[in-house]
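Going by the working numbering, the final residue of the sequence shown carries number 315, and the count climbs one at a time with no gaps. All C-beta atoms in this analysis are idealised placements derived from N, C-alpha and C, irrespective of residue type, glycine included.
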Amino acid sequence: MKTKTLMTGSFVALITPFNKDGTVDFAAFKELLTFHENNGTSAILIMGSTGESSMLSQDEKNRIIVEVAKMKTARMPIFFGCTGNNTSQTIANVRFAKDNGADGAILAAPAYICAPEADIESFFLEVADATDLPLGIYNNPPRVKSDLHWDQLIRIFQHPNYVVHKESTGRVGQVAQVLAAKTGVAVMCCDSPNLGLVVPTMSLGGHGTANMTGNLAPAELATISKPWTSYAEAEGFRNAYLGLLPLLHYTYSAINPVAVKSLMKALGMPSGDLRKPLTGLEGEALAKGIRVIQELGLDKKYGYRIKPLSAVAA
2 MKTKTLMTGS FVALITPFNK DGTVDFAAFK ELLTFHENNG TSAILIMGST
52 GESSMLSQDE KNRIIVEVAK MKTARMPIFF GCTGNNTSQT IANVRFAKDN
102 GADGAILAAP AYICAPEADI ESFFLEVADA TDLPLGIYNN PPRVKSDLHW
152 DQLIRIFQHP NYVVHKESTG RVGQVAQVLA AKTGVAVMCC DSPNLGLVVP
202 TMSLGGHGTA NMTGNLAPAE LATISKPWTS YAEAEGFRNA YLGLLPLLHY
252 TYSAINPVAV KSLMKALGMP SGDLRKPLTG LEGEALAKGI RVIQELGLDK
302 KYGYRIKPLS AVAA
């Protein structure tokens, strides 16, 4: 069995930036990737739910893989969301990503079909058998309904191609069981404060977070996502996590990525609009996010160009 490379730190699910005409903005992708590499992000996921992947055409997805893979560096691996609407399309997506320079792929259960967990276990194993590209699993029942048990996850992680596990249930016990199994897979969790997984995951020996708030506060998420090897990391985690709670709650105040992308645009970041039928936050809902950024001093730290609150809240 090949040795798995253990990923650690902040794995940011990046937005997909759009031009004013609605096309993908590749210059913005480059700018955002540089921003993350300069601020401690360990790895990037392109075309996760934060990247509005379900609203991209297959041609757009393929072009994003081809163009963004050219932008990768040795310091910050780039994974792509490759889940299709069935097993064969997912395999085709993963193979296309491998052939065009991806460092890895993240998979969830195919959406909408609400498949039995036994079928999803087979799905993950069949895809892994069809490639040697490093893979990750996103157990995300709020989005896809299918919800794997730790016994199923541990069996899947015996496969040498699986290197990342992102958990988005509220079950601390599930995280503990996967960590106790020592599968060699990086165990990461969603940064939602309502799920409450970040603190127990890191305290139990978790390897980082697979997050979306890092789009706005990459250095802070890098601190929160650093594995604990001494009291110094635990103390740094506590201070960063408690301080960032207002922003974490805000980014999850609307369906992902509405709050994150709306706030990025208001801060002058290269993001563009959401793809319809999603629409951006306006008025007081958006002004609240800007106040959170200002109160945390993130506007000054990152040089965000904030519009006057009166204009935003109008």
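According to DSSP, residue i sits in a beta bridge with which residue or residues?
i: Gly171; result: Beta-bridge pairing links Gly171 to no other residue.
i: Gly82; result: Ile107
i: Asp303; result: For clarity, residue 303 is Tyr in the given sequence; the question names Asp instead. Per DSSP, none; premise fails for Tyr303.
i: Tyr163; result: Leu136
i: Val145; result: None; Val145 has no bridge partner.
i: Val176; result: In the DSSP output, where bridge partners are listed per residue, Val176 has none listed.
Report the three-state DSSP secondary structure of residue i (helix, strand or coil).
i: Gly281; result: coil
i: Ala314; result: Only weak support exists for where Ala314 lies, its pLDDT of 43 falling under 50; the value from the coordinates is given anyway. If DSSP states are grouped into helix, strand and coil, Ala314 belongs with coil.
i: Tyr251; result: helix
i: Val186; result: coil
i: Met8; result: coil
i: Lys308; result: coil
i: Met77; result: strand
i: Ile47; result: strand
i: Ile232; result: Strictly speaking, residue 232 in this sequence is Tyr, with Ile absent from that position. In the structure shown, Tyr232 sits in a helix (DSSP, three-state: H, G or I).
i: Leu136; result: strand
i: Ala208; result: This sequence places His at residue 208; Ala is not what is there. Three-state DSSP puts His208 in coil, outside helix and strand.
i: Ala14; result: strand
i: Phe19; result: strand
Hey, residue i and residue j are a contact pair by Cβ (cut 8 Å); roughly how many whole angstroms apart?
i: Leu46; j: Ala14; result: 5 Å
i: Ser11; j: Ser226; result: 4 Å
i: Leu287; j: Leu268; result: Contact flag wrong, Cβ pair sits at about 10 Å.
i: Leu249; j: Asp192; result: 6 Å
By the 10 Å Cβ neighbour count, where 16 or more other Cβ atoms means buried, how is residue i classified, buried or exposed?
i: Ala315; result: Caution is warranted here: a pLDDT of 43 is assigned to Ala315, below 50, making its placement in the model unreliable, and the coordinate value is therefore given only provisionally. When all chains shown are included, Ala315 counts as exposed.
i: Ser231; result: exposed
i: Glu296; result: exposed
i: Asp152; result: exposed
State yes or no: is the C-beta of residue i within less than 8 Å of the C-beta of residue j?
i: Pro78; j: Ala129; result: no
i: Val200; j: Tyr242; result: yes
i: Glu122; j: Leu149; result: yes
i: Leu198; j: Gly171; result: yes
i: Lys99; j: Leu136; result: no
i: Arg76; j: Glu38; result: yes
Please determine whether the Cβ atom of residue i lies at a distance below 7 Å from any heavy atom of the ligand ATP.
i: His150; result: Because no ligand of any kind appears in the structure shown, any question about the ligand ATP cannot be addressed here.
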